[in-house]
Amino acid sequence: MRQRCAVAKISAPAAPDPETCQRMEPSTASSPSASTAVAGNAARVIREWIEGGVYPVGALLPSQRDLSEQLGISRTSLREALSTLQGLGLVVARPGKGMYVTEATDAPASGAEAWRFADSHALTDVYQLRYALEGFVARLAALVVQPEDVAALQANLQAMQQSIELADFVQATRLDFEFHLQIATISGNHAIADVLRGSGEVMQESQRLPYYKRGARHATAEEHAAIIEALSQGRPELAQQAMATHIVQAAQRAGVHFPTGL
Numbered sequence: 290m291r292q293r294c295a296v297a298k299i300s301a302p303a304a305p306d307p308e309t310c311q312r313m314e315p316s317t318a319s320s321p322s323a324s325t326a327v328a329g330n331a332a333r334v335i336r337e338w339i340e341g342g343v344y345p346v347g348a349l350l351p352s353q354r355d356l357s358e359q360l361g362i363s364r365t366s367l368r369e370a371l372s373t374l375q376g377l378g379l380v381v382a383r384p385g386k387g388m389y390v391t392e393a394t395d396a397p398a399s400g401a402e403a404w405r406f407a408d409s410h411a412l413t414d415v416y417q418l419r420y421a422l423e424g425f426v427a428r429l430a431a432l433v434v435q436p437e438d439v440a441a442l443q444a445n446l447q448a449m450q451q452s453i454e455l456a457d458f459v460q461a462t463r464l465d466f467e468f469h470l471q472i473a474t475i476s477g478n479h480a481i482a483d484v485l486r487g488s489g490e491v492m493q494e495s496q497r498l499p500y501y502k503r504g505a506r507h508a509t510a511e512e513h514a515a516i517i518e519a520l521s522q523g524r525p526e527l528a529q530q531a532m533a534t535h536i537v538q539a540a541q542r543a544g545v546h547f548p549t550g551l
């Protein structure tokens, strides 16, 4: 029987040979964070195969069924990995044909075009919601933040910076979401924290898209640093401004432009 590759443990092979891979323990993908790590590792493996010439530009990737079996992951995790690669401009979906390795110039022109919740929520609406809520909670958080809260936010920032350096945008997105949720929790406004938590999948998708703008992948981390600085100083107006600036600029990196004056 064909063995499955454990993406959580494998380094990129010279070719996608399942015989060189170990089987992943079922328990490693039992939590949301583990599932995110699986998708991130899968994206890295496929990217290394592409960059190593296993799948050159113009090549058709194996079907999702074959890829998920080969990597030893669920199709849900595979789709998340392929979405990451699409954002990086490494692959493109051609209706009725499959997923092809492509030049970066074939990547979507903007995050708004790749927004996968378009049937239920406009990307612009999501960023406007975040703008309305998150600046306010940053202001509240600055009034009550404690040194241990600042330390936790700084640890999150360091981890996110490492993920960005590794081009692990799945993990960076998860940490990005946790950063914003931490601030909402610090603020003490449990209703807003619950709104963010309950909309986690949509919120994280809005946070994923800005990372795919080349030349600006460290911008989110830099903006988070400015928010932490304002919070550490206990300056509510500055914290609110730093958060609002971050949301607007992240939206612009995702292809969403706010009305003039915001």
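Numbering-wise (the numbering used here), the sequence shown opens with residue 290 and increments by one.
Each residue gets a CB set at the ideal place from its N, CA and C atoms; glycine is no exception.
These numbers come from a predicted model, not from an experiment.
Between the stretch 369-384 and the stretch 421-430, can you find at least three pairs of beta-carbon atoms closer than 8 angstroms?
The answer is no - the stretch 369-384 does not touch the stretch 421-430, with fewer than three Cβ pairs under 8 angstroms.
Can you confirm whether the stretch 474-484 touches the stretch 498-510 when touching is taken to mean that 3 or more C-beta pairs between the two stretches lie within less than 8 angstroms?
Contact between the stretch 498-510 and the stretch 474-484 is absent, because fewer than three Cβ pairs lie under 8 angstroms.
Return the chain-ordered list of same chain residues with a C-beta closer than 7 angstroms to the C-beta of L371, the five sequence neighbours on each side being excluded.
Excluding residues within five positions, the ones whose Cβ falls inside 7 angstroms are V380 and M388.
Does the Cβ of S366 have 16 or more other Cβ atoms within 10 Å, making it buried, or fewer, making it exposed?
Label assigned to S366: buried.
Would you grab the beta carbon distance between S452 and L464 for me? Rounded to a whole angstrom, and I think it's under 8 angstroms.
That belief holds up - the Cβ atoms of S452 and L464 are roughly 6 angstroms apart, short of 8 angstroms.
Can you tell me where the beta strand (DSSP E) with Y389 in it begins and where it stops?
Here the beta strand (DSSP E) through Y389 covers G387 to V390.
Check V381 in the structure and name its three-state DSSP category.
Residue state, collapsed to three classes: strand.
So, helix, strand or coil for L349, using DSSP?
DSSP places L349 in strand when its eight states are reduced to three.
Verify whether the separation of the beta carbon atoms of F547 and H513 is less than 8 angstroms.
No, the Cβ-Cβ distance between F547 and H513 is not below 8 angstroms.
Going by Cα to Cα distance, which pick from R419, A328, A461 and S363 is closest to V491?
Comparing Cα positions, the closest option is R419.
Just to confirm, are A510 and L446 a CB contact at a threshold of 8 angstroms?
The answer is yes: Cβ separation under 8 angstroms.
Less than 7 angstroms separating the Cβ of F468 from some heavy atom of the ligand SAM?
By its list of ligands, the structure shown contains no ligand whatsoever, and the ligand SAM lies outside what it can speak to.
What is the residue span of the alpha helix (DSSP H) that A431 lies within?
Start and end: L412 to V433.
For F466, which of helix, strand or coil comes out of DSSP?
Note: F466 maps to helix in three-state DSSP.
If I measure Cβ to Cβ from E369 and keep anything under 7 angstroms in the same chain, skipping five residues before and after, which residues do I get?
The residues are A328 and V459.
Decide if R364 is buried, meaning its Cβ has at least 16 other Cβ atoms within 10 Å, or exposed.
So R364 counts as exposed.
Note the first and the last residue of the continuous alpha helix (DSSP H) segment covering H535.
Element bounds for H535: P525 to R542.
Shortest alpha-carbon distance to R405 belongs to which of L442, T373, L470 and A421?
Selected option, being the one with the closest Cα: T373.
Using the beta-carbon count (16 or more within 10 Å), is V545 buried or exposed?
That one is buried.
Suppose you measure from the CA of V434 to the CA of T462; what does that come to, to the nearest Å?
About 24 angstroms.
Please give me, in chain order, every unbroken run of the beta strand (DSSP E) with length at least 3 that falls completely inside the stretch 479-509.
Complete beta strand (DSSP E) runs here, min 3: none at all.
Looking at I517 and Q443, is the spacing between their C-beta atoms short of 8 angstroms?
For Q443 and I517, yes; Cβs fall inside 8 angstroms.
Return the CA-CA distance between L455 and I472, expressed in angstroms with no decimal places.
Answer to the nearest angstrom: the Cα atoms are 25 angstroms apart.
Just tell me which of N330, T391 and Q538 has its CA closest to the CA of G361.
Comparing Cα-Cα distances from G361 to each of N330, T391 and Q538, the minimum goes to N330.
Taking V390 and L350 to be in contact with their CB atoms under 8 angstroms, please state how far apart those CB atoms are, rounded to whole angstroms.
The pair is a contact, with the Cβ atoms about 7 angstroms apart (cut-off 8 angstroms).
Return the residue from the list Q538, Q417 and Y344 that minimises the CA-CA distance to P499.
Nearest C-alpha to P499: Q538.
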